[in-house]
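K.L.:
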Amino acid sequence: MIIVDDHQLSEIRAHGERDYPYECCGLMLGRFEDGRKTVVETYPISNAREEEAKRNRFLISPEELMLGEKYAREKHLDVVGFYHSHPDDRAVPSQYDLEHAWPVYSYIVVSVEKGRAVDLRSWEMENDRSRFNEEGILTPSPSGRGLG
Numbered sequence: 015m016i017i018v019d020d021h022q023l024s025e026i027r028a029h030g031e032r033d034y035p036y037e038c039c040g041l042m043l044g045r046f047e048d049g050r051k052t053v054v055e056t057y058p059i060s061n062a063r064e065e066e067a068k069r070n071r072f073l074i075s076p077e078e079l080m081l082g083e084k085y086a087r088e089k090h091l092d093v094v095g096f097y098h099s100h101p102d103d104r105a106v107p108s109q110y111d112l113e114h115a116w117p118v119y120s121y122i123v124v125s126v127e128k129g130r131a132v133d134l135r136s137w138e139m140e141n142d143r144s145r146f147n148e149e150g151i152l153t154p155s156p157s158g159r160g161l162g
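Going by my numbering, the residue at position 5 of the sequence shown is 19; the numbering climbs one at a time, nothing skipped.
Here it is as structure tokens:
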């Protein structure tokens, strides 16, 4: 289970729309607590893939990942997951995504069709790395009194 507020979900969708027709990518920073991940902040990252490959692949450079992890530590946060977009494709992890992901983290995939974010789903990898399972996204209610 991952807790992400509407503002952060909007930031992820907007990043996907901005980078269309290329894949966007970024980190989700927050906390691991009570068997759930709570996202406090998104951390957009530039897709480091070569130009043509950006249409269906993303790459977070080691330097960018280190900068993101350092930023998280300074804010007393953890990297709880990653997000990326699938231009003109479903919000479902690809085989390539499966081969390059790590257990424990959440993976939000946003489907961007013709420049508009149309679907967003979160996934968590099995510990044996055999597959992804969809995980629920909880959003805090606008009143701040619980989850919506």
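Beta carbons: idealized from backbone N, C-alpha and C, even for Gly.
Considering only the beta carbon of each residue, do Tyr85 and Ile122 sit closer than 8 Å?
P.N.:
No; because the gap between Cβ atoms is not below 8 Å, this pair is not in contact.
K.L.:
Going by CA-CA distance only, name the one from Pro76, Arg104, Pro117 that's closest to Arg130.
P.N.:
Distance check between Arg130 and each of Pro76, Arg104, Pro117 places Arg104 closest, using alpha-carbon atoms only.
K.L.:
For the pair the region 24 to 41 and the region 124 to 144, tell me if three or more CB-CB distances fall below 8 Å.
P.N.:
In short, these stretches touch, since the Cβ pair count reaches three.
K.L.:
Alpha carbon to alpha carbon, how far is Glu88 from Arg71? Give it in angstroms, no decimals.
P.N.:
30 Å
K.L.:
Under the DSSP definition of a beta bridge, which residues are partnered with Tyr121?
P.N.:
Phe96, Trp137
K.L.:
Given a cut-off of 8 Å, decide if Ile26 and Val124 are closer than it, judged by their beta-carbon atoms.
P.N.:
yes
K.L.:
Along the chain, where does the beta strand (DSSP E) that runs through Met42 open and close?
P.N.:
Here the beta strand (DSSP E) through Met42 covers 39 to 47.
K.L.:
Which of helix, strand or coil does DSSP assign to Lys51?
P.N.:
Strand at Lys51.
K.L.:
Could you tell me the boundaries of the beta strand (DSSP E) in which Glu148 lies?
P.N.:
146 to 149
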